[in-house]
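This report concerns only the one structure given below.
Numbering (the working numbering), first residue to last: 120 to 409.
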């Protein structure tokens, strides 16, 4: 892999792109859609919008990264800030186009996601509401996969969407000072939030018609894993341990999504979705997640 290609993959946090795709696939499977050709457009929209959002994030954070993350592509000089901005805008446009050719409703959700991404990256990041906006981005991404299932304003649909929002809000709160000094109190509170949300997914066993309750076993394992890495970081709050925990939380979005799919469509759907964690780990060995 040449240096320029690796720089752009680093810019968009390539390992995380699989987590974005997992959201859409989970939503699609959860509502039981059968128009599989639509899934191609939705995955494309999700991946390009995520990549554009994180590239724009680095453009907006370039000065801060010079002090806290000098190895990132822009402060290290591997990509100019202007080139990164142009790349981010192209990715966002392509992502919106992928959604628009799928359906008008998908285009509306993609447009709302772009607005949330830009607000987070360029306006709200330093404000307390930022973590809720980041959670909204992921919730909209999950909703994108469900977009053709009729109303999203039902208990069955809004429960996983709301839990995704709470999960990402908690992770963002936990990660607020990951490159610097994080307080044990913040890390403990963030971990409790993450664990509470993961446990909350068990509600799908009662909400989903004909729920596949076998998903409660992998959900329990996920809960134990999240608690271990989070509380471990809270007991030893160094940038290294905190960033390792954040990396685990982010990659585990795939397992979170797998439990959602499993609850409605059974173990095959859940295990197929969980298999996305393999390429994620492979990319994470050579490229940064956070």
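Where is the CB? At the ideal position from N, CA and C, for every residue including glycine.
Beta carbon of residue i nearer than 8 Å to that of residue j
i           : j           : result
residue 174 : residue 131 : yes
residue 341 : residue 324 : no
residue 178 : residue 136 : no
residue 351 : residue 292 : no
residue 129 : residue 192 : yes
Presumed contact (8 Å Cβ cut-off) between residue i and residue j, rounded CB distance
i           : j           : result
residue 226 : residue 218 : 5 Å
residue 392 : residue 376 : 6 Å
residue 372 : residue 138 : 4 Å
residue 301 : residue 356 : 5 Å
residue 370 : residue 403 : 7 Å
Pick from the options that is closest to residue i, judged by C-alpha positions
i           : options            : result
residue 229 : 392, 215, 237      : 215
residue 150 : 162, 380, 255, 408 : 380
residue 200 : 180, 188, 186      : 180
residue 206 : 224, 124, 291, 331 : 124
residue 161 : 262, 249, 296, 332 : 262
residue 184 : 297, 202, 359, 242 : 297
residue 169 : 189, 234, 198, 333 : 234
residue 348 : 327, 331, 306, 374 : 306
residue 286 : 344, 202, 315, 333 : 315
residue 408 : 145, 362, 387      : 362
residue 146 : 280, 317, 404, 310 : 280
C-alpha distance - residue i paired with residue j, whole-angstrom precision
i           : j           : result
residue 258 : residue 288 : 10 Å
residue 272 : residue 329 : 20 Å
residue 105 : residue 365 : With the chain covering 120 to 409 only, the question about residue 105 has no answer from this structure.
residue 252 : residue 294 : 15 Å
residue 389 : residue 378 : 6 Å
residue 127 : residue 382 : 36 Å
residue 264 : residue 156 : 12 Å
residue 182 : residue 401 : 30 Å
residue 189 : residue 358 : 15 Å
residue 246 : residue 339 : 34 Å
residue 269 : residue 337 : 29 Å
residue 153 : residue 406 : 35 Å
residue 395 : residue 333 : 20 Å
residue 198 : residue 204 : 10 Å
residue 159 : residue 354 : 43 Å
Segment limits, alpha helix (DSSP H) that includes residue i
i           : result
residue 149 : 133-149
residue 127 : 122-130
Test: residue i CB closer than 8 Å to a CB of chain B
i           : result
residue 140 : In summary, chain B is missing from the structure at hand, where a single protein chain is found.
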